[in-house]
Structures are given as structure tokens and as C-alpha cells.
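Data first, discussion second: the structure below is written as C-alpha cells.
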Amino acid sequence: MNQTTAACLYIRLRRRVRVSPNETVKLDKIAQLIVEPAYEAALKDLTVVRLQTKDGNRVLVDMLSIVAKIKNLYPHLQIEHFGEPHTLLEVQTAARKPNLLFLAAVWILLFIGSGLTIMNFHADVSMVEVHRRVYELLTGNRSEHPFLLQLTYSIGLGIGMSVFFNHFFKKKFNEEPSPLEVEMFTYQENIDRYTIAEEYLTLADEKKPTS
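If you use the numbering used here, the sequence shown corresponds to residues -10 to 200, in order.
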């Protein structure tokens, strides 16, 4: 294959990639490539890392290691990198069958906890007295138990929670992410940043000369 100094590889690493245990990860799986056709097939099939059980369930692949492998294959190839300087490999493990007893216990705990939270809030703000006053303003009659107003308020509270979280069981009302999904995304981003920082510290410790 003829190699020229004009040949250039444009590469963008994916931020996070799911892989199988003990998989041989190719460059095409973790990066987007733009290069001349003469180089494309070999680069896409370039082995980046061979996963092992001891690597754990998260493996960091740094751009410098990829550049070294590419230069070893094509020394004269120019490399233009865009985006993240690393990609995080998530090793997928076999999905465990959910424990129905544990799931039911968590569901009951959350149901009781959220119910008590709402009840305590209503007690703090004297919601019963507010309902009585609103009922009196609307009808002109005072009632100690304005059940009609309390019933509609309870239904509205449930509907409001469904709209707020943009979910009714598995159905979404629109394509916008719910607050819970945004929080989960932020949580995952923090985990990724922590993992990447720890991996870099580990690599730095490994490169320190031993006395």
C-alpha cells in the first residue's frame, strides 16, 4: 500500500461504549473515522484493546494509546482528533432476574414514604383549613369536610405528578426528558468523570519509577 504524507485521518471517539466480556474491541466500535479508502478497512479493524476479566466492568481507552497503535500501523498517516480525548468501555454483564419480593418491599416502602411526606406537608400548611376556606368562598357555605374539593384536589395532585415526571406507567406524554431522567443522566455523568479521573490516577501511579 502506498503511504503519502498527504493522507490524513479524522477521528472522533465516542464517549461511552458498551462491550461484551472478554471482547476484542476494534477501533470502528469506539470511534468515527474519516480517511482515504485505502486505509479505511485496516483502521476500522485495528485492535484497540483485548478485554480480560481482571479489567473489571469499566475500562478507559486513552486517545494517546490509539494514536500509538495507528502510528505503528501507518507511521506517515496524519491524525486530526476531535471531541473527547478518551472513551469509556462499559462491560455488560448478564442481566439478573429481578427479585419480586425485594421489588415489592421497595415499592411498599416508597409508597408509604411518599404518602407520609405529602401528609406531613399538608399538616404543616393546614391544608384542611385551606380547603374549608376555599369551599366557603366558592359556595358561601362552610363545611367541616369538603369531600368534593378534597377529592378533586387528590386527583389533580396525581395528574400533576404524572405530568411533572412526564410518565404514566411506561407511556411518555412527549419527547422531553423528565426531571428523573435528567437527574439519572447527571448521576451517570458524575460516575463517568469519577471513573476517568481514577483511571488516569492509576495509570500515573503505574508509570512512576519504583525505588
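Even for Gly, the Cβ is constructed at its ideal location relative to N, Cα and C.
Check, Outcome
"At least 3 beta-carbon pairs within less than 8 Å: the region 75 to 87 vs the region 104 to 113", "no"
"Coil, strand or helix - histidine 120 by DSSP", "helix"
"Opening and closing residue of the beta strand (DSSP E) in which histidine 111 lies", "No beta strand (DSSP E) contains histidine 111, which is instead part of the alpha helix (DSSP H) from 89 to 113."
"Presumed contact (8 Å Cβ cut-off) between valine 37 and valine 56, rounded CB distance", "Wrong, their Cβ atoms sit about 11 Å apart, outside the cutoff."
"Distance, lysine 58 Cα to leucine 35 Cα", "8 Å"
"Glutamine 67 - partner residues in DSSP beta bridges", "Cys(-3)"
"Inter-residue spacing [alpha-carbon to alpha-carbon] between arginine 47 and valine 8", "10 Å"
"Contacting residues, own chain, Cβ-Cβ under 7 Å from serine 167 (five flanking each side not counted)", "Phe154, Asn155 and His156"
"Distance between beta carbons of leucine 62 and alanine 94, contact taken as under 8 Å", "At roughly 55 Å, the Cβ-Cβ gap does not stay under 8 Å, so alanine 94 and leucine 62 are not in contact."
"Alanine 27, buried or exposed, once every other Cβ within 10 Å from all chains shown has been counted against 16", "exposed"
"Three-state secondary structure assigned by DSSP to histidine 56", "Note that residue 56 corresponds to valine in the displayed sequence, not to histidine. Note: valine 56 maps to helix in three-state DSSP."
"Same chain, Cβ closer than 6 Å to leucine 78, neighbours up to 5 away in sequence not counted", "Val6, Val8 and Val48"
"Own chain, CB closer than 7 Å to leucine 169, minus 5 neighbours either side, in chain order", "Phe154"
"Rounded C-alpha distance that separates serine 143 from leucine 137", "10 Å"
"Alpha carbon of tryptophan 96 to alpha carbon of glycine 102, nearest angstrom", "10 Å"
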